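Participant:
2 protein chains.
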Amino acid sequence: MPLVQEGDDIAALAIEAAAAQGTPFLDGDAIVVAQRIVSKAEGRVLPLDEFAPSPFALEWSEAWDKDPRQTEAVLRESVRIVRQMKGVLITETRHGFVCANSGVDASNVGGTDLISLLPVDPDASARAFRDTLRERLGIEAAAIVSDTFGRPWRTGQTNIAIGLAGLRPLRPLEGLPDLDGRIMRVSTPCPADEIAGAAGLSMPKSEGVPVVIVRGYPYERGEGTAREIVRSFEDDLFP
Amino acid sequence: MPLVQEGDDIAALAIEAAAAQGTPFLDGDAIVVAQRIVSKAEGRVLPLDEFAPSPFALEWSEAWDKDPRQTEAVLRESVRIVRQMKGVLITETRHGFVCANSGVDASNVGGTDLISLLPVDPDASARAFRDTLRERLGIEAAAIVSDTFGRPWRTGQTNIAIGLAGLRPLRPLEGLPDLDGRIMRVSTPCPADEIAGAAGLSMPKSEGVPVVIVRGYPYERGEGTAREIVRSFEDDLFP
Chain A
0 MPLVQEGDDI AALAIEAAAA QGTPFLDGDA IVVAQRIVSK AEGRVLPLDE FAPSPFALEW
60 SEAWDKDPRQ TEAVLRESVR IVRQMKGVLI TETRHGFVCA NSGVDASNVG GTDLISLLPV
120 DPDASARAFR DTLRERLGIE AAAIVSDTFG RPWRTGQTNI AIGLAGLRPL RPLEGLPDLD
180 GRIMRVSTPC PADEIAGAAG LSMPKSEGVP VVIVRGYPYE RGEGTAREIV RSFEDDLFP
Chain B
0 MPLVQEGDDI AALAIEAAAA QGTPFLDGDA IVVAQRIVSK AEGRVLPLDE FAPSPFALEW
60 SEAWDKDPRQ TEAVLRESVR IVRQMKGVLI TETRHGFVCA NSGVDASNVG GTDLISLLPV
120 DPDASARAFR DTLRERLGIE AAAIVSDTFG RPWRTGQTNI AIGLAGLRPL RPLEGLPDLD
180 GRIMRVSTPC PADEIAGAAG LSMPKSEGVP VVIVRGYPYE RGEGTAREIV RSFEDDLFP
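Top line first, the protein sequences correspond to chains A and B.
Numbered by numbering that gives the first Met the number 0, the letters in the first sequence go through residues 0 to 238 in order.
Numbered by numbering that gives the first Met the number 0, the letters in the second sequence go through residues 0 to 238 in order.
1) Taking beta-carbon pairs under 9 Å, can you tell me which members of the region 186-201 of chain A lie near chain B?
2) Cβ of B/R68 versus every heavy atom of the ligand NAP: is any distance shorter than 7 Å?
3) Leaving out five residues before and five after A/W59 in sequence, what residues of the same chain have Cβ atoms less than 6 Å from its Cβ?
4) Exposed or buried, which one is B/W152 when buried takes at least 16 other CB atoms within 10 Å?
5) Consider the Cβ of B/A40: report whether some Cβ of chain A lies at a distance smaller than 8 Å.
6) Taking 8 Å as the threshold (beta carbon to beta carbon), is A/M84 in contact with chain B?
7) With a floor of 3 residues, list each beta strand (DSSP E) that falls wholly inside the region 104-132 of chain B, ordered by position along the chain.
8) Measuring alpha carbon to alpha carbon, tell me which of A/A40, A/D122, A/L113 and A/S186 ends up nearest B/N107.
9) Just reading off the alpha helix (DSSP H) that A/Q69 is part of, what are its end residues?
10) With a cut-off of 8 Å, does the C-beta of B/D7 fall near any C-beta of chain A?
11) Runs of 4 residues minimum, wholly inside the region 14-59 of chain B: which ones carry the alpha helix (DSSP H) assignment?
12) Residue ranges of each beta strand (DSSP E) run of no fewer than 3 residues wholly in the region 149-181 of chain B, ordered along the chain?
13) What span of residues does the alpha helix (DSSP H) with B/I320 cover, start to end?
14) Hey, out of A/G42, A/V37 and A/V73, whose CA is closest to A/S53's CA?
15) Looking at chain A, which residues of the region 44-66 of chain B have a Cβ within less than 9 Å of any of its Cβ atoms?
16) Residues of chain A with a CB under 7 Å from the CB of B/D146: which are they?
17) Hey, is A/P151's beta-carbon within less than 8 Å of any beta-carbon in chain B?
18) Give the range of the beta strand (DSSP E) segment to which A/E91 is assigned.
19) At least one CB of chain A closer than 8 Å to the CB of B/V103: is that the case?
20) Would you kindly work out how many angstroms separate the C-alpha atoms of A/S101 and A/G110, rounded to a whole number?
21) Between which two residues does the beta strand (DSSP E) harbouring B/V3 extend?
22) Give the interface partners of B/I161 over in chain A, defined as CB-CB distance under 8 Å, in chain order.
23) Listing by chain order, which chain B residues have their CB less than 8 Å from the CB of A/Q156?
24) Who are B/T147's beta bridge partners in DSSP?
25) Need the endpoints of the beta strand (DSSP E) that A/I212 sits in, please.
26) Measuring only the C-alpha atoms, how far is B/G223 from B/V37?
27) Let me know the secondary structure DSSP gives A/I80 once reduced to three states.
28) For B/A127 and B/A10, I'd like the C-alpha separation in whole angstroms.
29) Please state whether DSSP places A/R220 in a helix, a strand or coil.
30) Taking only the alpha-carbon atoms, compute the straight-line gap between B/G162 and B/D235 and give it to the nearest angstrom.
31) Is there a Cβ from chain A that is less than 8 Å from the Cβ of B/P203?
32) Can you tell me where the beta strand (DSSP E) with A/A99 in it begins and where it stops?
33) Does any residue of chain A bring its CB to less than 8 Å from the CB of B/I14?
34) Which residues in the same chain as B/S115 place their Cβ atom closer than 6 Å to its Cβ, once the five residues preceding and following it in sequence are excluded?
35) Here's a check: name, in chain order, each residue in its chain whose Cβ is nearer than 6 Å to the Cβ of B/I80, leaving out the five neighbours to either side.
36) Assuming B/A17 and B/P23 make a contact with CB atoms under 8 Å, what is their CB distance in whole Å?
Shown next, in the form of structure tokens:
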């Protein structure tokens with residue numbers, strides 16, 4: 000893949016790159032796209048100077064040795080601060096994701112005074128990608144926009160799905176019999192996040208692999224969204 | 000794989016099954032083993048009747064329509080109740096894992112009056128599996144014992160690593176340059192969980208696939224443990 004610029008059609012670039020390396024996209028593929036190139040193409044990589052820090056952003060950044068402009072961006076991207084401790088801001092984004100720093104990232108953005116914000120609507124980004132594959136190649140593939148999130152209780156980050164199209168993200172097994180014929184009560188695997196995690200193995204941050212094909216997994220096709228994976232505030236035990 | 004019984008050598012069974020299906024284990028494989036067969040082989044599948052409920056277990060189970068014997072097992076496997084709401088017990092297990100019901104599971108255990116508890120030391124279970132592959136096949140492979148955990152803020156469960164041997168679970172990138180030459184501050188992917196998640200795609204609970212080969216991923220070899228993935232209580236923002 001070439002380095003992505005604002006306005007680029009990343010699906011078109013990915014189609015070319017996949018064909019050029021001898022692994023063209025196929026019907027049934029799940030194609031995982033790194034958030035950072037989606038954000039770049041969609042104009043969501045912005046100069047830090049566009050974020051004039053509020054007094055809150057200034058105070059927090061001073062206390063914890065952060066760039067106050069970046070803190071300001073984190074706050075503007077959030078609808079709620081979930082935790083604010085030890086220099087870490089865990090926020091709920093406008094999409095409903097709970098993550099560190101609202102997904103605002105200063106790595107691999109193409110410059111040192113730029114930051115990347117999450118796409119405005121990552122499901123729409125995934126749909127556009129999927130639609131382009133459908134139109135240009137005549138294939139039905141799933142598209143997943145993926146980002147790297149931390150987790151409570153476990154160190155290290157894993158890739159998860161923040162936007163998707165062409166698959167159902169969850170696979171409810173409740174009500175199905177297990178191997179003993181016992182009806183399962185609570186069991187809903189999330190293949191979308193497992194596909195994103197699998198792709199994450201091939202796209203570590205320091206390397207330039209922004210698109211990964213996950214081939215051969217029989218995901219359930221359908222018109223799903225990553226919003227379905229967001230647990231509602233009311234249902235959550237960790238508000 | 001045949002159905003596993005207490006005392007079985009699951010590595011030996013897996014070696015046979017892999018060879019029989021024409022995909023023998025190879026040097027560099029990451030082999031993911033479902034917790035339930037590890038627990039079965041290690042005698043951690045027990046009759047519910049062994050768990051005489053305490054008054055606490057009785058009261059909670061009555062209020063939320065749970066089997067009080069199973070609740071008792073959950074409590075005995077825990078060192079701390081992290082959340083207790085709406086019929087859900089989120090506990091910290093003796094291993095330090097934070098999960099629903101201490102990992103106690105009544106699905107796919109081989110009978111309707113049995114429950115499966117997590118292995119006493121899943122890292123040791125993984126090491127035994129890895130050692131058997133080394134001895135019998137002369138290969139260096141990684142072994143991951145995996146279970147299906149829920150997450151806060153996101154619906155659906157994903158497979159994660161609860162025990163491992165032969166690989167380093169985390170890949171710290173801090174201090175390395177990103178694509179722009181900017182030194183990364185907080186970036187530690189957790190390939191062990193991503194490998195387990197990838198394998199989870201091939202081992203949904205209602206089907207009988209307890210061992211999955213993840214081949215071709217250049218994990219960092221080493222003497223890691225899943226304990227390294229457990230965030231310490233002091234460092235956690237969601238105690």
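C-beta: ideal position from N, C-alpha, C; glycine also.
Just so it is clear, the structure is predicted and the values come from calculations on it, not from any experiment.
Facilitator: On the basis of the data shown:
1) S186, T187, P188, C189, P190, A191, D192, E193, I194, A195, G196, A197, A198, G199, L200 and S201
2) Absence of the ligand NAP is noted for the structure shown, with no ligands found whatsoever.
3) As a position in the first sequence, residue 59 of chain A is number 60, starting the count at 1. Result list for A/W59: T70, in chain order.
4) Sequence index remark: in the second sequence, residue 152 of chain B carries index 153 (1-based). Buried.
5) To locate residue 40 of chain B, count along the second sequence from 1; it is residue 41. Output row for B/A40: interface = no.
6) To locate residue 84 of chain A, count along the first sequence from 1; it is residue 85. Chain B contact via Cβ: present.
7) 113-115
8) The residue labelled residue 107 of chain B in the question sits at position 108 within the second sequence. Answer by Cα proximity: A/S186.
9) Within the first sequence, numbered from 1, the residue matching residue 69 of chain A stands at position 70. Segment P67 to R75, the alpha helix (DSSP H) holding A/Q69.
10) For the purposes of this step, residue 7 of chain B is taken as the residue at position 8 of the second sequence. So, not an interface residue.
11) 34-40
12) 153-164
13) Residue 320 of chain B cannot be examined here, being either before or after the span of chain B that is shown, 0 to 238.
14) Against the first sequence, residue 53 of chain A aligns to sequence position 54. For the residues A/G42, A/V37 and A/V73, the minimum Cα distance to A/S53 belongs to A/V73.
15) none
16) As a working note, residue 146 of chain B is residue 147 in the second sequence. Here the premise fails: no neighbours, minimum Cβ distance about 12 Å.
17) Translated into positions along the first sequence, residue 151 of chain A becomes position 152. Chain B contact via Cβ: present.
18) As a first step, residue 91 of chain A is located in the first sequence; it is residue number 92 there, counting from the start. Residues V87 to T92.
19) In the second sequence, the residue the question calls residue 103 of chain B occupies position 104. Judged by the 8 Å Cβ criterion, B/V103 is not in contact with chain A.
20) The residue labelled residue 101 of chain A in the question sits at position 102 within the first sequence. The residue labelled residue 110 of chain A in the question sits at position 111 within the first sequence. So the alpha carbons of these two residues sit roughly 20 Å apart.
21) Counting from one through the second sequence, the residue named residue 3 of chain B turns up at place 4. Counting along the chain, B/V3 falls outside any beta strand (DSSP E), and DSSP gives it neither H nor E.
22) By one-based count along the second sequence, residue 161 of chain B stands at place 162. Under the 8 Å cutoff, chain A gives no residues; its nearest Cβ is about 11 Å from B/I161.
23) Residue 156 of chain A sits at position 157 when you count from the first residue of the first sequence. Per Cβ cutoff of 8 Å: S186, T187, P188 and C189.
24) Indexing the second sequence from 1 puts residue 147 of chain B at position 148. Beta-bridge pairing links B/T147 to B/N158.
25) For this step, residue 212 of chain A is matched to residue 213 along the first sequence. Here the beta strand (DSSP E) through A/I212 covers V210 to V213.
26) Residue 223 of chain B sits at position 224 when you count from the first residue of the second sequence. Residue 37 of chain B sits at position 38 when you count from the first residue of the second sequence. Distance between the alpha carbons of B/G223 and B/V37 is about 19 Å.
27) Along the first sequence, read from residue 1 onward, the residue named residue 80 of chain A stands at position 81. If DSSP states are grouped into helix, strand and coil, A/I80 belongs with the strands.
28) Working through the second sequence from its first residue, we reach residue 127 of chain B at position 128. Working through the second sequence from its first residue, we reach residue 10 of chain B at position 11. Computed Cα separation, rounded: 8 Å.
29) Taking the first sequence and counting its residues from 1, the one referred to as residue 220 of chain A is at position 221. Note: A/R220 maps to strand in three-state DSSP.
30) For the purposes of this step, residue 162 of chain B is taken as the residue at position 163 of the second sequence. For the purposes of this step, residue 235 of chain B is taken as the residue at position 236 of the second sequence. Roughly 21 Å separates the two Cα atoms.
31) Here residue 203 of chain B refers to the residue found at position 204 of the second sequence. Yes, its Cβ sits closer than 8 Å to a Cβ of chain A.
32) For this step, residue 99 of chain A is matched to residue 100 along the first sequence. Segment V97 to A99, the beta strand (DSSP E) holding A/A99.
33) Numbered from its first residue, the second sequence carries residue 14 of chain B at position 15. Cβ-Cβ to chain A under 8 Å: no for B/I14.
34) By 1-based counting over the second sequence, the position of residue 115 of chain B is 116. Excluding sequence neighbours, B/S115 sits near R35, S38, V44, D104 and V108.
35) Residue mapping note: residue 80 of chain B aligns to position 81 of the second sequence, counting from 1. Hits under 6 Å: T90.
36) Locating residue 17 of chain B in the second sequence gives position 18, counting from the first residue. Locating residue 23 of chain B in the second sequence gives position 24, counting from the first residue. Yes, they are in contact, since the Cβ atoms of B/A17 and B/P23 sit about 5 Å apart, within 8 Å.
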